[in-house]
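In the numbering used here, the protein residues as written are -7 to 439. Think of the CB as a built atom: it goes at the ideal place given N, C-alpha and C, for glycine as much as any other residue. What you are looking at is a predicted structure, and each value in this text was computed from that prediction instead of being measured.
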């Protein structure tokens, strides 16, 4: 026989000895326990009312194990004493004692955060106050985490057989699993509610981004955003500077083209992006030059951005189809890449300017460029150049310039250039690799 005490206790010889003794459970009672265990296992799969479940466990303790009184103190998912679900099962032949214990439990000052010292103090007071009972305590443990405590009250010490003790431990283990499952169900429902709200937020945000590119005279446009999470901090937009004119006249009127990026991603970035969009759209209608637009936008947004401890990079430009002139100002965003068809080369569109939301007196400069037939501009966010592969290498600006230049030489449409750049990104990062940041691209091309 092994020297291990556990193996000794569970060896066939020891178990056979207990089975042959008078104090083992009779076959009919053991059969009844097996029936109760089966029903409990079924109950664990489907219960939704924690109070009924605890009542059921109390009934099993009382009628199967002859515990005269039982007390279950469960802990909630935060590890706090779940005061409203403390379960006490009394005895009908001693209502006075029953009432005393209930009153004691009701008035005992359980603090919100459980401390082991508090439980020890509670048990000490319990034993001193109800000396006529032999009180035994059991810890409810599941996955190494304490889920609560069980106390049994009896007038005399009951001699527990090995089978009876194991059956009692089985019931307490089922109780632990039940408490854990109920906690997981509650947590899952909370997550489902949050996911539902995020999905609604993502749907609303996707509707705020243009779902199609406007018709601008002599221009071929394409745009797409890939958020890293459901909600993203990238922003691009196309806005007519004249809203109260016919659609035909609007095509030949001045248009604002903007791309921006809120620091970070997810819900906070998405909310700030939405706020910024509303402010910018109001500013655009003033018809001011790009540097003034960014200056005023910074003044409007700085308080909200300062409170959120975030900032925004933004490139703002306006285009006049009649003169083919593009004016622009940059709030520290990635400079768009201009493909000059006549020179067959790429130049960066950049001007001095500070990020939005960090400096109250930030100033911005206005740049201007004359565009010609077949010129193309690539607006993008840093999620494109920051895309990495399995080796940790960044796609970087140089690769983007080379890719854009190569595609422009093929005389492709804006939509084709956009799709091929995203395809190149996918090939670089690797199949099914998740984005680390939101990635947005706008391709602006003159016919």
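Can you give me the Cβ contacts of residue i inside the same chain, cut-off strictly under 6 Å, excluding the 5 residues immediately before and after it?
| i | result |
| --- | --- |
| residue 437 | 212, 368 and 406 |
| residue 175 | 69 |
| residue 39 | 45 |
| residue 359 | 320 and 343 |
| residue 412 | 399 |
| residue 64 | 46, 79 and 142 |
| residue 32 | 166 |
Around the C-beta of residue i, are 16 or more other C-beta atoms found within 10 angstroms, so that it is buried, or is it exposed?
| i | result |
| --- | --- |
| residue 382 | exposed |
| residue 287 | buried |
| residue 112 | exposed |
| residue 203 | exposed |
| residue 339 | exposed |
| residue 179 | exposed |
| residue 91 | exposed |
| residue 207 | exposed |
| residue 277 | exposed |
| residue 314 | exposed |
| residue 352 | exposed |
| residue 384 | exposed |
| residue 156 | buried |
Got a sec? Which residues, its chain only, sit under 7 Å from residue i by beta carbon, not counting five neighbours each side?
| i | result |
| --- | --- |
| residue 77 | 42, 43, 46 and 66 |
| residue 366 | 333 and 438 |
| residue 305 | 252, 253, 323, 324, 325 and 347 |
| residue 140 | 64, 65, 66, 67, 132 and 171 |
| residue 243 | 207, 208 and 209 |
| residue 312 | 246 |
| residue 281 | 319 and 358 |
How big is the Cα-Cα spacing for residue i and residue j?
| i | j | result |
| --- | --- | --- |
| residue 147 | residue 61 | 10 Å |
| residue 402 | residue 310 | 27 Å |
| residue 420 | residue 380 | 8 Å |
| residue 233 | residue 417 | 34 Å |
| residue 422 | residue 430 | 17 Å |
| residue 363 | residue 349 | 32 Å |
| residue 439 | residue 209 | 9 Å |
| residue 394 | residue 415 | 14 Å |
| residue 35 | residue 128 | 26 Å |
| residue 241 | residue 331 | 28 Å |
| residue 17 | residue 144 | In this prediction, residue 17 has a pLDDT of 44, which is less than 50 and means its spatial position is unreliable; nothing more can be read from the coordinates. |
| residue 73 | residue 182 | 20 Å |
| residue 249 | residue 316 | 14 Å |
| residue 267 | residue 251 | 15 Å |
| residue 409 | residue 396 | 8 Å |
| residue 75 | residue 296 | 41 Å |
| residue 171 | residue 184 | 20 Å |
| residue 299 | residue 293 | 10 Å |
| residue 279 | residue 71 | 59 Å |
| residue 269 | residue 389 | 27 Å |
| residue 118 | residue 24 | 32 Å |
| residue 115 | residue 425 | 55 Å |
| residue 361 | residue 428 | 34 Å |
| residue 336 | residue 307 | 24 Å |
| residue 273 | residue 372 | 20 Å |
| residue 235 | residue 291 | 25 Å |
| residue 239 | residue 205 | 14 Å |
| residue 14 | residue 56 | Unreliable positioning characterises residue 14 in this predicted model, as indicated by a pLDDT of 37, which lies under 50. A coordinate reading is not provided. |
| residue 158 | residue 121 | 29 Å |
Residue i and residue j: beta carbons closer than 8 Å?
| i | j | result |
| --- | --- | --- |
| residue 28 | residue 52 | yes |
| residue 283 | residue 326 | no |
| residue 81 | residue 54 | yes |
| residue 219 | residue 226 | yes |
| residue 49 | residue 163 | yes |
| residue 138 | residue 432 | no |
State the CB to CB distance for the pair residue i and residue j, rounded to an integer number of angstroms; the pair is presumed to be in contact (CB under 8 Å).
| i | j | result |
| --- | --- | --- |
| residue 370 | residue 404 | Rounded, the Cβ-Cβ distance is 12 Å, inconsistent with contact. |
| residue 215 | residue 376 | About 13 Å; that fails the 8 Å criterion. |
| residue 132 | residue 167 | 6 Å |
| residue 275 | residue 289 | 6 Å |
| residue 386 | residue 378 | 6 Å |
| residue 231 | residue 247 | 7 Å |
| residue 130 | residue 142 | 4 Å |
| residue 255 | residue 303 | 5 Å |
Could you name the residues of the same chain whose beta carbon sits closer than 8 Å to that of residue i, not counting the 5 residues immediately before and after it, in chain order?
| i | result |
| --- | --- |
| residue 237 | 245 |
| residue 345 | 283, 286, 321, 322, 323, 324, 354, 355, 356 and 357 |
| residue 169 | 36 and 134 |
| residue 173 | 36 |
For the ligand SAH, I want to know if residue i counts as a neighbour, meaning its beta carbon is within less than 7 Å of at least one of the ligand's heavy atoms.
| i | result |
| --- | --- |
| residue 119 | The ligand content of the structure shown is nil, which means the ligand SAH is not present either. |
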